[in-house]
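Residue 116 in my numbering is what sits at position 112 of the sequence shown, and the numbering runs on without skipping anything. Glycine residues also receive a C-beta, built at the ideal position from the N, C-alpha and C atoms. Here's the structure we're looking at; comments come further down.
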Amino acid sequence: MSDFDDILVGAIDLHRHGFPEITRDFRTPLADADDIALCRDAGMTAVVLKSHTWPTMGRAILLEQLVQGIRVVGSVTLNPIAGGMRPEVVELAARQGAGVVYLPTVGAHNDVERGGISHTIETQLGHFDAHSLPSTTVLDDEGRLTGELNAVLDVIDEHRLMVYSGHLAPHEVLAIARDGRLADRFVFSHPDSHSIGADDATIVEIARLGGFIEICALGTYPRIGRITPAGLARIVGLVGAERCVLTTDYFFDWCPPSSIMLADLARDLAAEGISRAELDLMLRRNPSHLLANTLTTPIPAPEEETP
């Protein structure tokens with residue numbers, strides 16, 4: 005056995021897309037059940053099923069029943085097309101078993117301005133115009149968190165959900181971190197990505213305030229090419245492995261299986277000097293901490309009818 009044959013034992017992927025995401029022509033390389041079975045067989049504990057478009061709780065329940073031996077966590081992204089930044093959307097998601105709330109991506113003003121995933125969806129759908137949707141920002145004119153966001157955070161607190169920053173702008177994410185109520189339950193989404201573009205000072209400050217920094221495999225592949233493993237290792241060095249999580253952002257048809265993406269990311273970071281103990285923090289301990297409330301609450305199976 006090589007030093008990395010067991011690298012995914014106990015690992016959790018907090019950011020994994022499924023199929024269908026945008027359209028049926030916009031595919032992942034494997035069916036969800038087949039890919040998640042590979043994650044289980046690699047020893048992983050859980051995956052979070054994310055979608056930019058629809059809540060994933062129902063799919064997560066079915067996949068968990070189909071692929072036994074691994075937790076499949078449902079989520080909701082608070083985009084206008086999925087209900088938006090509304091407390092009842094979060095409550096419905098929580099009561100249906102969601103473990104993660106992603107703040108707006110497609111609907112974030114920042115994403116629309118930077119031509120992020122909103123632009124990708126425009127290329128796939130003839131009737132989608134990102135600039136015609138309500139454009140979400142979480143700060144008012146004086147730089148304070150909006151009442152809309154605070155109402156959502158109240159429900160998130162009630163259900164002890166973990167939160168991803170979505171595609172909000174770095175200064176918005178920093179304002180949420182400064183508010184403090186999400187400390188140790190909050191992940192800054194791929195700050196190196198084209199849709200975010202955070203600087204070092206912002207990344208460091210968000211981590212200092214209790215946020216976790218996402219170190220994402222997708223950006224290292226040549227088809228994206230936004231950052232190298234060395235660049236990701238540098239970010240880990242800035243904030244410390246105790247404030248980072250490793251994820252895949254498994255999404256496109258050219259991606260390897262998500263378990264391969266996660267294992268390759270770990271190997272690449274090790275080659276850049278990241279220790280096995282640091283990898284353990286980012287693959288297992290930190291994600292487990294973030295999902296602690298969800299992982300200890302089983303998704304109920306449907307009740308059987310009495311003959």
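message = So residue 75 and residue 299 are supposed to be a Cβ contact under 8 Å. How far apart are they, rounded?
response = Right, their Cβ atoms sit about 6 Å apart.
request  = Please classify residue 152: does DSSP put it in a helix, a strand, or coil?
outcome  = Looking at residue 152 - three-state DSSP - the assignment turns out to be helix.
inquiry  = Suppose you measure from the CA of residue 97 to the CA of residue 244; what does that come to, to the nearest Å?
reply    = One C-alpha to the other measures close to 32 Å.
key: Span of the alpha helix (DSSP H), counted from its first residue to its last, around residue 17   = Run containing residue 17: none in the alpha helix (DSSP H); it sits in the beta strand (DSSP E), 16-21.
query = Alpha carbon to alpha carbon, what distance is there between residue 286 and residue 20?
reply = A straight-line Cα-Cα distance of about 16 Å links residue 20 and residue 286.
query = Which whole runs of the alpha helix (DSSP H) in the segment 37-125 are 4 residues long or more, in chain order?
reply = For the segment 37-125, whole alpha helix (DSSP H) runs of length 4 or above, ordered along the chain, are 61-70, 91-99 and 113-118.
query = With a CB to CB cut of under 7 Å and the five nearest residues on each side skipped, what residues in its chain are close to residue 137?
reply = These residues qualify, in order along the chain: 84 and 111.
ask   = Sorted by chain position, which residues of the same chain lie with C-beta nearer than 6 Å to residue 93's C-beta, five sequence neighbours on each side aside?
value = 87.
Buried/exposed call for residue 114, threshold 16 Cβ in 10 Å = Its Cβ being crowded by 16 or more others within 10 Å, residue 114 is buried.
Per DSSP, cross-strand counterpart(s) of residue 168 = For residue 168, which the question treats as bridged, DSSP gives the partners 106 and 191.
task = Measure the alpha-carbon distance for residue 129 versus residue 104 and round it to whole angstroms.
result = Each residue's alpha carbon lies about 27 Å from the other.
ask   = How far does the alpha helix (DSSP H) with residue 337 in it reach, from first residue to last?
value = The structure shown does not extend to residue 337, since the chain is modelled only from 5 to 311, so the question has no answer here.
query = When the Cα atoms are used, what is the spatial distance from residue 240 to residue 77?
reply = Across the structure, residue 240 and residue 77 are spaced so that their CA atoms are roughly 26 Å apart.
query = Whole-angstrom Cβ separation of residue 351 and residue 169, contact assumed at under 8 Å?
reply = For the chain, the structure presents residues 5 to 311; residue 351 sits outside this window and is missing.
inquiry  = Taking the alpha-carbon of residue 221 as reference, which of 214, 213, 196 and 201 has the nearest alpha-carbon?
reply    = Residue 196 is the option with its Cα nearest to residue 221.
task = Determine the direct distance from the alpha carbon of residue 235 to that of residue 273, and round the result to whole angstroms.
result = One C-alpha to the other measures close to 10 Å.
inquiry  = What would DSSP say about residue 278, mapped onto helix, strand or coil?
reply    = Looking at residue 278 - three-state DSSP - the assignment turns out to be coil, as it is neither helix nor strand.
Beta-carbon spacing of residue 147, residue 102 below 8 Å = With a cutoff of 8 Å on beta-carbon distance, residue 147 and residue 102 are scored as not near each other.
query = What is the DSSP secondary structure of residue 5, reduced to helix, strand or coil?
reply = Low confidence applies to residue 5: its pLDDT is 40, below 50, so where it sits in the model is not reliable enough to give any reading.
message = What does DSSP give as the partner residue(s) for residue 216 in the beta ladder?
response = Its beta-bridge partners are 191.
task = Given a cut-off of 8 Å, decide if residue 149 and residue 187 are closer than it, judged by their beta-carbon atoms.
result = When the beta-carbon positions are compared, residue 187 and residue 149 stay at least 8 Å from each other.
key: Buried versus exposed, by CB contacts within 10 Å (16 or more), residue 15   = By the 10 Å Cβ count, residue 15 comes out buried.
task = Taking only the alpha-carbon atoms, compute the straight-line gap between residue 200 and residue 225 and give it to the nearest angstrom.
result = Cα-Cα distance, rounded: 18 Å.
message = Could you pull the DSSP bridge partners for residue 249 from this structure?
response = Beta-bridge pairing by DSSP links residue 249 to 218.
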